[in-house]
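> Take a look at this one; I'll ask things after.
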Amino acid sequence: MGACLALCSAVSCVSCLCGSAPCLLCGCCPSSNNSTVTRLVFSFFLLLGTIISVIMILPGMETQLKKIPGFCVGGSSIPGVSNHVNCDIVVGYKSVYRMCFAMACFFFLFCLIMIRVRSSKDPRAGLQNGFWFFKFLALVGITVGAFFIPDGTFNTVWFYFGVVGAFIFIIIQLILLIDFAHSWNQAWVQNAEEGSKCWYAGLLICTFLNYAASFAALVLFYLYYTKPDACPENKAFISLNFIFCVIVSIVSILPRVQEAQPHSGLLQASVITLYTMYVTWSAMTNEPDQTCNPSLLGLISNSSSLSPSPAPGQVVQWWDAQTIVGLVIFLMCTLYASIRSSNHSQVNKLMLTEEGAGPGGESSEGLREEGLRRPVDNEEEAVTYSYSFFHFCLVLASLYIMMTLTNWYQPDAGYQVMTSAWPAVWVKISSSWLGLALYLWTLVAPLVLPDRDFN
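Be aware that the sequence shown starts at 1335, since it is given in my numbering, and climbs by one per residue.
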């Protein structure tokens, strides 16, 4: 992609960055839809903010951040701004909070502006699909301003905003996962019906591997995250989610469900089961009781050491296993949300999208201009996704990134220690339950509402 962009002329690039059309493709790049390019660029903004947040939470960054006026104890202060922060302890998560606050504000602004945009003929659609240079400047400006927000209750209040937003984003992740599983199963079944039967073997193998990994995780949870005379919460979480996953797996292959939903099956259920096991593990890693929350490194090295909460003088570490897995899932879901083209009507209704080729068609004739390939405007008659809801999802993604990089730790009243908190545990567990309920609904909705068309 970088090589393609390098071939674009300087004049064309400037006109694209400042104009009202996302002409960010060059002649050697494949033709693409207007809506897809826009979502990819906004997702790139989110990815860029995530990379910056990761860099700023790395050990040693506090030394550089101490040079910012009024940022740390002992640094030069801004008149009228109270400063009581020890950067050796909290500057990492504080930087992430401010960076993600800026991204959330940026996307929330576009969420408000793009309410009820119906087609690319709406004047606001030009702002959605272009003016990237000015958007970038706006994001930089908001970010710089966020780092001068006075301390006080900001970190605590924004923590609870992050908890709520991350909870909703976990649900959206599961909806996207449901959509991906349906599309995956439908594509492989279609390939098997039209060509080699080996596709059926592939479906069977992938389903078996997902269930095998889920069962292995279940056994490890009981072995290492429960004690015979302790950890009743973990026992309840593991058992309930296991039972719920068995229920949705059985429902997915019931004859009446298969008749109403021909493309439903165990592949989708196995993907949802594996993701539920991940969310369960992620919740247990946030449990304050260290007896029931062993260190993964300690488990691998067969040591009995427990994962302590960060103590005074210790930076908040984000590179533990559950955080890295969470970031990988986040990146995959964000990319999929940017390029998705789903035929599953119930998921489209949940995501407020209606994917399709669009009235504009896919012809690329007349799109070449001075070596530049412009995206096809497939939204002349109607948008293929809700602009406002897409930005709302990016707001939630910003909050999810904030909570993931800070391990869902809660700053105490004195901002001296970051500690695990039960709210984070309950948020993750309840999101797994709600996600399973949504998947179950996609299976039984045609039976509950037989008069509605779900094709």
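The C-beta atom is built at its ideal place from N, Cα and C for all residues, glycine as well.
Could you have a look at residue 1705 and say whether DSSP puts it in helix, strand or coil?
Unreliable positioning characterises residue 1705 in this predicted model, as indicated by a pLDDT of 46, which lies under 50. A coordinate reading is not provided.
> Beta-carbon separation of residue 1387 and residue 1433 under 9 Å?
yes
> Could you give the uninterrupted runs of the alpha helix (DSSP H) lying entirely in the stretch 1431–1485, keeping only those of 4 residues or more?
1457–1463 and 1466–1480
> Identify the continuous alpha helix (DSSP H) that holds residue 1590 and give its terminal residues.
1589–1594
> Could you tell me the boundaries of the alpha helix (DSSP H) in which residue 1569 lies?
1566–1586
> Measure the beta-carbon distance from residue 1568 to residue 1605 and round it to whole angstroms, keeping in mind my assumption that it falls under 8 Å.
About 24 Å separates the two Cβ atoms, so there is no contact after all.
> Which class does residue 1719 belong to by DSSP, given the choice of helix, strand or coil?
strand
> Could you pull the DSSP bridge partners for residue 1561 from this structure?
Its beta-bridge partners are 1564.
> Take every Cβ of the stretch 1761–1781, pair it with every Cβ of the stretch 1579–1592, and state whether three or more of those distances are shorter than 8 Å.
yes
> Examine the Cβ distances between the stretch 1465–1483 and the stretch 1567–1581 and report whether three or more of them are shorter than 8 Å.
no
> So what's residue 1622 in DSSP terms, helix, strand or just coil?
coil
> Which term fits residue 1607, buried or exposed, when burial requires 16 or more other beta carbons within 10 angstroms of its beta carbon?
Burial call: buried.
> According to DSSP, simplified to helix, strand and coil, what is residue 1628?
strand
> Note down the Cα distance separating residue 1452 from residue 1723, rounded to an integer number of angstroms.
13 Å
> If you follow the alpha helix (DSSP H) that residue 1765 is part of, which residue opens it and which one closes it?
1756–1782
> Report yes or no: do three or more beta-carbon pairs, one from the stretch 1496–1510 and one from the stretch 1755–1764, lie closer than 8 Å?
yes
> Since residue 1587 and residue 1772 should fall inside the 8 Å C-beta cutoff, what is the C-beta to C-beta distance between them, to a whole number of angstroms?
Actually they do not touch by this definition, with Cβ atoms about 19 Å apart.
> Going by other Cβ atoms of all chains shown within 10 Å of its Cβ, with 16 needed for buried, is residue 1668 buried or exposed?
By the neighbour-count criterion, in which 16 or more other beta carbons inside 10 Å mark a residue as buried, residue 1668 falls on the buried side.
> Can you tell which of 1477, 1464 and 1726 has the C-alpha that lies nearest to the C-alpha of residue 1370?
Out of 1477, 1464 and 1726, 1464 has the C-alpha closest to the C-alpha of residue 1370.
> Is residue 1497 closer than 9 Å to residue 1757 when the C-beta atoms are compared?
yes
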